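2 protein chains.
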Amino acid sequence: MSRYRVLVTLKPALLDSAGRAVNDALHSLGFAGVKDVRIGKLVEIEMAEGGRAQVEEMCKKLLANPVIETYEIEDPA
Amino acid sequence: MSRYRVLVTLKPALLDSAGRAVNDALHSLGFAGVKDVRIGKLVEIEMAEGGRAQVEEMCKKLLANPVIETYEIEDPA
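So the sequence lines, in the order shown, correspond to chains A and B. Residue 77, in the working numbering, is where the first sequence stops; the numbers in between run on with no holes. Residue 77, in the working numbering, is where the second sequence stops; the numbers in between run on with no holes.
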């Protein structure tokens, strides 16, 4: 059994309004050192069989929208 | 400038309905090896000053709901 982690983030060129809201909220709370916040999705996939190539395929078919998002696959620890 | 990553996940005891939906969708697409999927949030924080202790504080105050979520902080690469 292996557990892959997929991190899906908006492409840098796109405005991340949720991230902007969190950034502003952190400033209101006094965290002045924060320069930028980006929000993404974390998908943890537990697999009985199949490997990284399959996870890559899942990203392309379902997990990420290639028009606006990029993804990163972390191998099982 | 350092860039921290915060991974926020639902506690394991809680039903993750979004994860369940993705799990079912992956099965429909033919990925039979998938046993479980959990969805979480990824927060990338770019900081001009302040370190891990501050990020920890942000998690407690804003980024995670301690009743239902756990978080993990990844140090800047």
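Where is the CB? At the ideal position from N, CA and C, for every residue including glycine. If you're wondering where the values come from, they're calculated on a predicted model, not measured in any experiment.
At a cut-off of 9 angstroms between beta-carbon atoms, E44 (chain A) makes contact with chain B. With respect to the 9 angstroms criterion, D16 (chain A) and V43 (chain A) are not classified as neighbours on the basis of their beta carbons. DSSP, reduced to helix, strand and coil, places G19 (chain A) within a helical segment of the structure shown. Within chain A, the C-beta atoms nearer than 7 angstroms to that of L26 (chain B) come from M58 and L62, in chain order. Per DSSP, the continuous alpha helix (DSSP H) segment holding E57 (chain A) begins and ends at R52 to M58.
At a cut-off of 9 angstroms between C-beta atoms, D75 (chain A) does not count as an interface residue with respect to chain B. Around the C-beta of N65 (chain A), fewer than 16 other C-beta atoms lie within 10 Å, and the residue is accordingly described as exposed.
Residue pairing of I68 (chain A) in beta bridges, as defined by DSSP: absent, with no partner found.
Residue pairing from DSSP places G40 (chain B) in a beta bridge opposite A:L42 and B:T9. Think of a sphere of 9 angstroms around the beta carbon of A48 (chain A): the chain B residues whose beta carbon falls inside it are A32, G33, V34 and K35, in chain order. Identification of chain A residues near V22 (chain B) by a Cβ-Cβ cut-off of 8 angstroms yields V43, L62 and L63, ordered along the chain. Within the same chain, and ignoring the five residues on either side of C59 (chain B) in sequence, the residues whose Cβ sits closer than 8 angstroms to its Cβ are V6, V8, Y71 and I73. Chain-ordered listing is empty here: chain B has no CB closer than 8 angstroms to the CB of T70 (chain A), the nearest sitting near 12 angstroms. Here M1 (chain B) is actually not in contact with V34 (chain A); their C-beta atoms are around 11 angstroms apart, not less than 8 angstroms.
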